[in-house]
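Basically the working numbering = 1-based index in the sequence shown + 530. Ideal Cβ positions, reconstructed from N, Cα and C, are used throughout, including at glycine.
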Amino acid sequence: MSRTAALFGASLLVLAPLAAAPAAAQQAASLAVPPLEFTHRELGNGLDVYAMPDPTAGTVTVTLWYDVGGKDDPEGRSGFAHLFEHILSRKTVNLPYGQISTMVENAGGTRNASTGQDFTNYYETVPPQYLEQMLWTHAERMARPVVDQEVFDTERSIVQEELRQRVYAPPYGRLQRFVIGDNSFDESIYRRSVIGSLEELNSARIEDARAFHEAYYRPANATLIVSGNFDPAQLDRWVDQYFAGIRNPDRPTPVFERPVETPRTQPRLVEAYAPNVPLPAVAAIFPGVAAGHPDAPALDVLQAIMSRGESSRLYQALVYETQLAANAGFGLDDMEEDGVVTLTATVAQGKAIPDVEAALNAQLERIRNEPVTAAELQEAKTEIVASALRQRETASGRAFILGQSIVSQNDPRAADERLAAVQQVTAADVQRVARTYLDEQARVSIRYQDESARPAGVPEDSWRNPAPVPTFVSVPPAVLPPNELLPEGRRAAPPALGAAREAVIPAVAERTLPNGLRVIVAKSTDLPIMNAQLVLGGGAAADPADRPGLAGLTAGLATQGAGGRSAPEIARTLEALGANIGGGAGADATQMFVSAPIASAEAVGAVLADVVQRPDFAEAEVARSRTQAVNALRVNYRQPGPLASAVLNRLLYGASPYGAPSSGTPASVAAITRDEIVAFHDRWWRPDNATVIVTGGMEPEAAFAWAEQVLGGWERPAAPKPTVGNRAGAPAGPRVVVVDLPGAGQAAVTAAVRAPRRADAGYYPLAVANAVLGSGQNGRLFQEVRAKRGLSYGAYSSLGARAEGGALVASTQTKNESAAEVVGLVLAEFDRLAREPVADQAVTDREAFITGGFQRSLETTGGLGGLLADAVVNGLPLSEIGAYPQKIAATTPDSLREAARVVSAEEAVVVVVGQADMFIDALRAAHPDVAVIPAAELDLDSPTLGM
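Structure follows, in structure tokens:
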């Protein structure tokens, strides 16, 4: 056994300014990213163990990475590594089905897993006293999993629903996963999609799963990373106890002889079509590089220049200046053995595909033939460093950076080294990699359009890559006998818990400036980052009845020119400072945020002051933002989930201010005028209607001084502060409504009842009742819809927090054929919640789940700011961040049952969006009064939806 310490633990990675950099970049020159600090040892069985202790953390994260991913899917079994990821966490010799998720959530923790082309990982974040239990569960899964027919069939069905939800339901899901995926590589181990296909998933057998585990899930093929609040010496003892005795199988892991890929020497055009594509899209694919390639840092900088932020070349040329595209991006996917560069653009309404392609080509020619400017180069580097700084704020974030470095480059220091290499990239490097990799002779161009544009005779799978798919490895059959769940009396019990550690609540202070502005500050980290949120009363509820979307459009336009700076100048200034800015309107408040390194705070504050107090609202910017918003809404309302949410909200709140979509509709947004925007800003954007919240690494007095400097001069109007009355309106009564969306890849199912205000005492026991119903993987909805029946990728409920009447909403997506069945399951759980008592231990467990999530939010700069903003919006004292866990913990079975009386199937509003002819007969049999609205006739501007 050996141990080595990280070499980068003593110094910071510092961004050095270029001599020619502008003043804004000079102010960001002192950005420094703390390197990853870790120790490493290898067990005798080959398991690599990395420890990243942080005694200030309130949690500990355990991640186990296996060196197996989509590229290792067996022949004829695409998607199998991902399917097995689902299977492994379900049952072991000592843990019944779903018990791992139960343990994690009852601890107040969170868990998940993911599969990439190069890896599969499993991870949990829990309070520190649960660390030993989590290590034990990982050892169970590695050495003693149970793969039986019930687990196999259920998880395969769930994965197929995930595929439908991620690929078939969204308008551009097929483009990303299938069309681009299949054409990114030719004779390559990365040719197939990680999520696979319905057909090959159907062909998989339980014997394949057992063989797969035996082949790849072994200590010598795994890396364990523990990050957060723990004792390193104790960790060593536990790791030895639970993992050192696990033997590797006698057979080596399968080795796939890598195919030799023939370089592309001529361009190729792919024409693809799919249902419910509201706006065409184009893409260009070029060969890239592996993650460890020397050119990877220069490609990072190239990507940032081309598409990171609103000052990027693609955004400016395609989206902002010409308005040819609704969006445009430049993506890098660099994996362990190869990579790909993908440019995409969604064609704006009324624009032509050839024009977007020409504009995209012009930018490719420009980046190949002209050196980037010193300002662009410095801005890109600053953005990369600032992003890295934010990613390292939490122990879990650092664990994932380390894990990705190991699986993609086999080097735990790779992330730090790549960040340092980015600082050495020159303008000549950027031009060189652009010329090398953006090679027109190796390009695959894609046009993606609605199914209605497909010419007669063109097959549905016209997008398929003509290059033959390589023959992949076949995994040898398992030789070990399958495991079985032991009888209850013979199962090993989980380890006992360690001593609980008291949660640390950040200190919060507030002041009110002479102009009426409320200022709240809370230091949440020692990292040199800060986050400021401006909360303005009113929100979307203040929109005029015929102008939903006005508050949101006003917030978005505030950054599009202000105080003498144009929109591009604001974007360039902030991005050169490593800052992010944005805003939007919720039901009860408009919020603006800015996130920046502390070194940039003064310069960022000067921009924020202009954005808040002196926005231009130029006619050209109003027209541009209006068009962009309409395009985004057209895309959103062709997706079952978002459309169902908008319809449900309208049915719940009718003609009241809460009823209209907060983002507006294509018709309402298109009608908004500059005068209306100016009037809304003048009426609602005022210091005595605002609160600024500063979190992050700033000391409190420095944060107060920053707020005073930035917004202390904001003048308070003489007119009285405006208000919104009767936001929620009277409940409209139960309804069952179907929106018929032909060609929908899935059906979205939602159901809701009205609920108390966030400030009401009854909110807290109802929050626990909601957790019983549908929070996390232990919620009843998840268990009934996904775990027991495999009808969905997930089924959940949420309790909306609003200043006036909220709503408890259940939501899921399922294949169209099972929509009626899922509606029945959801409504049955509504009635069960109100009818059946919940046991004491179940209440306690759900309380722990809620408070655990709350505590994790307190650990991040943005999370803490969000919780304080919620308190402000809902009229709660700032002490709520400390009192909330106690109020949740005060819930009893009796108070929960009393609060749950509002949850009733008879009072529920139900909305289903999908291809109605596949489920309407079954749904009508259960709900004879169901109303059906063709999607083309739906009117979200009307309280009656056009019925």
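A Cβ-Cβ contact shorter than 8 Å links leucine 1397 with leucine 1388. Isoleucine 835 has its alpha-carbon roughly 15 Å from the corresponding atom of asparagine 899. Per DSSP, the continuous alpha helix (DSSP H) segment holding phenylalanine 930 begins and ends at 925-939. Taking the C-beta atoms as reference points, arginine 707 is found no nearer than 8 Å to alanine 826. In this structure, the alpha-carbon of serine 837 lies about 6 Å from that of tyrosine 845. If you draw a straight line from the Cα of methionine 582 to the Cα of isoleucine 755, it comes to about 8 Å.
In this structure, valine 831 lies away from alanine 950, with their beta-carbon atoms at least 8 Å apart. Judged by their CB atoms, leucine 1010 and valine 623 are not nearer to each other than the 8 Å cut-off. Considering only Asn1179, Arg1365, Phe930, the residue with the shortest C-alpha distance to alanine 1117 is Asn1179. The beta carbon of leucine 1027 sits closer than 6 Å to those of Gln659, all from its chain and outside the five residues before and after it, given in chain order. Under the three-state reduction of DSSP, glutamine 853 is assigned to coil, being neither helix nor strand. Less than 8 Å divides the Cβ of valine 634 from the Cβ of glutamate 654. Collapsing the DSSP output to three states places tryptophan 993 in coil.
Taking valine 1298 as reference, the option from Ala1233, Thr1381, Thr783 with the minimal CA-CA separation is Thr1381.
Within the model, the alpha-carbon separation for tyrosine 978 versus proline 701 is close to 10 Å. Sixteen is the threshold: when 16 or more other Cβ atoms of the shown chains lie within 10 Å of the Cβ of glutamine 1343, as they do, the residue is buried.
Out of Asp597, Asn940, Gln908, the CA that lies nearest to the CA of threonine 956 is found in Gln908. Annotated as distal: leucine 705 and phenylalanine 816, with beta-carbon spacing of 8 Å or more. DSSP lists Asn651, Thr753 as the beta-bridge partner residues of tryptophan 595.
Residues Asn624 of the same chain have their beta carbon placed closer than 7 Å to that of arginine 1021, with the five preceding and five following residues left out of the count.
Runs of the alpha helix (DSSP H) lying entirely within the segment 942-982 and spanning at least 4 residues, in chain order: 944-952, 957-967.
Short of 8 Å from the beta carbon of threonine 1001, and not among the five residues preceding or following it, lie these beta carbons of its own chain, in chain order: Glu605. If you look at threonine 1001, you'll find it isn't in any beta strand (DSSP E); DSSP assigns it neither H nor E.
Ranked by Cα distance from proline 1191, the options Val1268, Val849, Thr586, Ala1070 are led by Ala1070. Only residues of its own chain outside the window of five on either side were considered, and among them Gly1320 have a CB closer than 6 Å to the CB of serine 687, listed in chain order.
Taking each of Ile725, Val1460, Ala983, Gly1405 in turn and checking the Cα distance to tyrosine 1323, the smallest one comes out for Ile725.
Taking C-beta separations shorter than 7 Å and ignoring five residues to either side along the sequence, the partners of methionine 865 in its chain run Gln647, Asp648, Tyr720, Ala820, Ala821, Ser938, following chain order. Taking a contact to require three or more Cβ pairs closer than 8 Å, the segment 1035-1048 and the segment 1213-1228 qualify as touching. Straight across, the Cα-Cα distance linking alanine 752 with aspartate 578 is about 7 Å.
Distance from the Cα of leucine 1303 is smallest, within the candidate group Ala1282, Leu1363, Asp1270, for Leu1363. Your pair valine 1269 and leucine 1173 checks out as a contact, with CB atoms roughly 6 Å apart and the cut at 8 Å.
According to DSSP, leucine 873 shares a beta bridge with Ala814, Phe860. Short of 8 Å from the beta carbon of threonine 1203, and not among the five residues preceding or following it, lie these beta carbons of its own chain, in chain order: Val1152. Contact between valine 677 and alanine 739 holds: their C-beta atoms lie close to 5 Å from each other, under 8 Å. Every candidate alpha helix (DSSP H) stretch fails here, since none sits fully inside the segment 1243-1295 while reaching 4 residues. Aspartate 1375 and glutamate 1366 have their C-alpha atoms roughly 17 Å apart.
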